[in-house]
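**Student:** In terms of numbering that gives the first Met the number 0, the sequence shown is residues 0 to 595.
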Amino acid sequence: MAQTNPSSKSDSLYKKIETYADNRPLFRLVHKLLFKPDVSEEKNIQKKQKHSILVAHDYSKYSGKIIRNIQIETFDPFGFSVTDPTLKPSLAIERLGNDLHIKTKKWTIRNLLLFKKHEVLDSVLIKESERLIRSQRYVRSVVIVPIPLKNNKDTIDVSVRVLDTWSGIVTGATSSSKANLDFTERNIFGLGHELDFNYLKSFTNNTAKPLGYDTKYTVPNFKNTYIRTTLAAKNDLNDNTYRSVRIDRPFYSTLTHWAGGFYYNYNAYSQNVIAVDETAVLQNFKTKTYEGWGAHAFNIFGTRSEFAIGSHLIFAMGYSNTSYLNRPDVTLDPISYFASSKTALATLGISSQRYYQDTYLFRFGTVEDIPYGKVLSITGGVENKNNTNRPYLGSRFSYGSYFTFGYLQGNVEYGTFFNHGKREQTTLKIEANYFTDLIPLGSWHFRQFIKPVLVLGSNRLDTSKDRLTLVDVNGIPGFNSAPLIGTKKFLTTFQTQMYNQKNWYGFNFSPFFNVTLGFLDEGNNVFFGNKMYSQIGVGMLVNNSYLVFSSFQLSFSYYPSLPIDGSNIIKTNAFQNSNIEFHDFQIGQPYVVPYQ
Numbered sequence: 000m001a002q003t004n005p006s007s008k009s010d011s012l013y014k015k016i017e018t019y020a021d022n023r024p025l026f027r028l029v030h031k032l033l034f035k036p037d038v039s040e041e042k043n044i045q046k047k048q049k050h051s052i053l054v055a056h057d058y059s060k061y062s063g064k065i066i067r068n069i070q071i072e073t074f075d076p077f078g079f080s081v082t083d084p085t086l087k088p089s090l091a092i093e094r095l096g097n098d099l100h101i102k103t104k105k106w107t108i109r110n111l112l113l114f115k116k117h118e119v120l121d122s123v124l125i126k127e128s129e130r131l132i133r134s135q136r137y138v139r140s141v142v143i144v145p146i147p148l149k150n151n152k153d154t155i156d157v158s159v160r161v162l163d164t165w166s167g168i169v170t171g172a173t174s175s176s177k178a179n180l181d182f183t184e185r186n187i188f189g190l191g192h193e194l195d196f197n198y199l200k201s202f203t204n205n206t207a208k209p210l211g212y213d214t215k216y217t218v219p220n221f222k223n224t225y226i227r228t229t230l231a232a233k234n235d236l237n238d239n240t241y242r243s244v245r246i247d248r249p250f251y252s253t254l255t256h257w258a259g260g261f262y263y264n265y266n267a268y269s270q271n272v273i274a275v276d277e278t279a280v281l282q283n284f285k286t287k288t289y290e291g292w293g294a295h296a297f298n299i300f301g302t303r304s305e306f307a308i309g310s311h312l313i314f315a316m317g318y319s320n321t322s323y324l325n326r327p328d329v330t331l332d333p334i335s336y337f338a339s340s341k342t343a344l345a346t347l348g349i350s351s352q353r354y355y356q357d358t359y360l361f362r363f364g365t366v367e368d369i370p371y372g373k374v375l376s377i378t379g380g381v382e383n384k385n386n387t388n389r390p391y392l393g394s395r396f397s398y399g400s401y402f403t404f405g406y407l408q409g410n411v412e413y414g415t416f417f418n419h420g421k422r423e424q425t426t427l428k429i430e431a432n433y434f435t436d437l438i439p440l441g442s443w444h445f446r447q448f449i450k451p452v453l454v455l456g457s458n459r460l461d462t463s464k465d466r467l468t469l470v471d472v473n474g475i476p477g478f479n480s481a482p483l484i485g486t487k488k489f490l491t492t493f494q495t496q497m498y499n500q501k502n503w504y505g506f507n508f509s510p511f512f513n514v515t516l517g518f519l520d521e522g523n524n525v526f527f528g529n530k531m532y533s534q535i536g537v538g539m540l541v542n543n544s545y546l547v548f549s550s551f552q553l554s555f556s557y558y559p560s561l562p563i564d565g566s567n568i569i570k571t572n573a574f575q576n577s578n579i580e581f582h583d584f585q586i587g588q589p590y591v592v593p594y595q
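#1: Excluding five sequence neighbours on each side, which residues of the same chain lie with their C-beta closer than 6 Å to the C-beta of L407?
#2: Below 6 Å CB to CB, which residues in the same chain sit around L32 once its five sequence neighbours on both sides are set aside?
#3: At the level of alpha carbons, what is the spacing between F493 and L148?
#4: So, helix, strand or coil for G441, using DSSP?
#5: Express the C-alpha separation of L427 and G414 in angstroms, rounding to a whole number.
#6: Give the DSSP bridge partners of Y359, in chain order.
#7: How long is the line joining the alpha carbons of I132 and T107, rounded to whole angstroms?
#8: Assuming contact is defined by CB atoms lying nearer than 9 Å, are A232 and Y212 in contact in what I supplied?
#9: Please report the distance separating the alpha-carbon of T358 from that of N542.
#10: Could you tell me the distance, in whole angstroms, from the CA atom of V38 to the CA atom of G565?
#11: According to the neighbour-count rule (16 or more other Cβ atoms, all chains shown, within 10 Å of its Cβ), is R422 buried or exposed?
#12: What are the boundary residues of the beta strand (DSSP E) that includes R130?
#13: How far does the alpha helix (DSSP H) with K105 in it reach, from first residue to last?
#14: Residue ranges of each beta strand (DSSP E) run of no fewer than 3 residues wholly in the segment 325-355, ordered along the chain?
#15: Considering only their Cβ atoms, is the gap separating I187 from F114 smaller than 9 Å?
#16: Determine the burial state of E93: buried for a count of at least 16 other Cβ atoms within 10 Å of its Cβ, exposed for fewer.
#17: Measure the alpha-carbon distance for P209 versus N479 and round it to whole angstroms.
#18: Apart from the five residues on each side of it in sequence, which residues of its chain come closer than 6 Å, Cβ to Cβ, to R242?
#19: Where do the ends of the beta strand (DSSP E) carrying N388 lie?
#20: Using 10 angstroms around the beta-carbon of K488, count the other beta-carbons present and answer buried if the total reaches 16, otherwise exposed.
#21: If V137 and T183 are in contact, beta carbons under 8 Å, what's the gap, nearest whole angstrom?
#22: R94 by DSSP, collapsed to three states: which one?
#23: Hey, would you say W257 sits closer than 9 Å to P589, going by beta carbons?
#24: Within 10 angstroms of the Cβ of F79, are there 16 or more other Cβ atoms? Answer buried if so, exposed if not.
#25: Around the C-beta of L281, are 16 or more other C-beta atoms found within 10 angstroms, so that it is buried, or is it exposed?
#26: F622 lies in the beta strand (DSSP E); which residues open and close that run?
#27: In this structure, how does DSSP classify F314 when only helix, strand and coil are distinguished?
#28: I believe I429 touches L453 by the beta-carbon criterion, under 8 Å. Please report the beta-carbon distance rounded to the nearest angstrom.
#29: Along the chain, where does the beta strand (DSSP E) containing A274 start, and where does it finish?
#30: Please report the straight-line C-alpha distance between Q575 and M497, rounded to a whole angstrom.
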């Protein structure tokens, strides 16, 4: 069920920690670094909020009043407004679009609220409910407003007004050899459920099957518990098969105290394995994976402020079991890298997270919630693989905030296994996200984004599968670096994004220019001395806030050098582009630091 917020009161534990830290220089430094909100930082956030929030409401004068009724209104995506009740669709195409759209059900929105009728109004619960509704992909905007009652000073009504997005989209692509048709619906029958079905067709005899599919169905919230269930299945043209079930409840809010989940997948696929003579041999794999985890967040500073409410001591435990039902012969995998394993991990850490609001980032004119805060955690456990128990130790420190020069978020993670007392498969990952304020340029505005990532590996296993590459998601977009592997890499992306408040039938067109630079040590213990690979891109980001699907981009990319394709390569891109995701400052399922 939804979390409730205990009444604010003086917290003796917080006072004791402050007193203890004030009298000891070392603890005072740690206390200030992790918990105590910096006054200048808070002023920066407040200043940012003052200039960024489009609609702000003062709930303080209603605190303590009893909620009599909750009035929920949902609106079709075209022609309506949550802030101006007088606006109605005026164009025929708007009315047609609304007629074809199924509005979000009122009880779907009610299931997202953290407050109920006959409860005392709490401003924190109101604000957090608004943020959670706004985070749903089928919602364009939301406003929650207390409504005073005449002749009744002790009770109020609460109005919840929600503007939908258009929730369905059909995309596809075709070539001389194959085609696909992808249907996505983010709000099935107004229930908030999500369906993605991708139909695949081959026109040649070079694939194992002529037809294939890839589908996923998600129920994001079961009866106000925020328990999310996702079912996924795939059988592609190469007869690779995948089935999975995930049921979990994340720390969806700083008010959440319990989280956990279960995951199962079955995977049958083909993959090249590099033999001793360095030739690629196609092998068939079959795996089953089970995972389970649980976590509890303890309020350590009481509930007397939003900062205190958002600060927790979190303890999490997890277990995973991966079984290889089919794996390569020992001649192709002499170190048994592809072997069944069991891993038990526990994480203990301190998390502090809040949000500020901004616009013209990834969703253009709509309000977006940007996380800021701190995390310090330690993870320990043991892995059993190839009849050997390897202890694991890892840590994470993450910090993010809005400063006078923009938003900056940094994340540092370190993890290593121990095999007979020696470190093995050690990973150090350092990354950052930075963007500037909106900078005026005539009738336009722009932001500069910078995202550097450094991954350092040591004592890695003697197999090409335990190496880094520069391929796509974890490398340079559109880059094929199959022959290039290493144990260390550095990537950095610079993107200049332009914004114009004018739109054409709801479509915003934003030119951008980006550069991505990448280095690999290529196994020779040299880093920046090796060849630098790069991608230079220019294009247009197209966004429509009425629509649920992510922005898509039309762009040209220039590659001075590609390992396989040669030099001076130009590629075109026209694809759906996912929003850049920030690291949050929560602690969830324990994990081994990813080496990628």
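C-beta atoms are modelled at their ideal positions from N, C-alpha and C, and glycine is treated no differently. The structure displayed is predicted, hence computed values, not measured ones.
**Tutor:** Judging by the given coordinates:
#1: Hits under 6 Å: Y433.
#2: For L32, the predicted model reports a pLDDT of 48, less than 50, meaning its position is unreliable and no value from the coordinates is stated.
#3: 53 Å
#4: coil
#5: 7 Å
#6: DSSP output for Y359 lists no bridge partner at all.
#7: 10 Å
#8: yes
#9: 13 Å
#10: At V38 the pLDDT is 47, less than 50, meaning the model places this residue with poor confidence and gives no usable figure here.
#11: exposed
#12: It is not in any beta strand (DSSP E) - R130 instead sits in the alpha helix (DSSP H) that spans S122 to R133.
#13: For K105, the enclosing alpha helix (DSSP H) starts and ends at K105 to R109.
#14: none
#15: no
#16: buried
#17: 26 Å
#18: A232 and Y265
#19: T387 to F402
#20: buried
#21: Here residue 137 is Tyr; the residue named in the question, Val, does not match the sequence. Going by Cβ atoms, the distance from Y137 to T183 rounds to 11 Å, so no, they are not a contact pair.
#22: helix
#23: no
#24: That one is buried.
#25: exposed
#26: This structure gives no information on residue 622, because the portion of the chain shown stretches from 0 to 595.
#27: If DSSP states are grouped into helix, strand and coil, F314 belongs with the strands.
#28: So it is a contact: roughly 5 Å between Cβ atoms.
#29: Where A274 is concerned, there is no enclosing beta strand (DSSP E), given that its DSSP letter is neither H nor E.
#30: Residue confidence for Q575 is low, a pLDDT of 48 falling below 50, so the modelled location carries little weight; the figure read from the coordinates is stated next. Straight-line Cα distance between these residues: approximately 19 Å.
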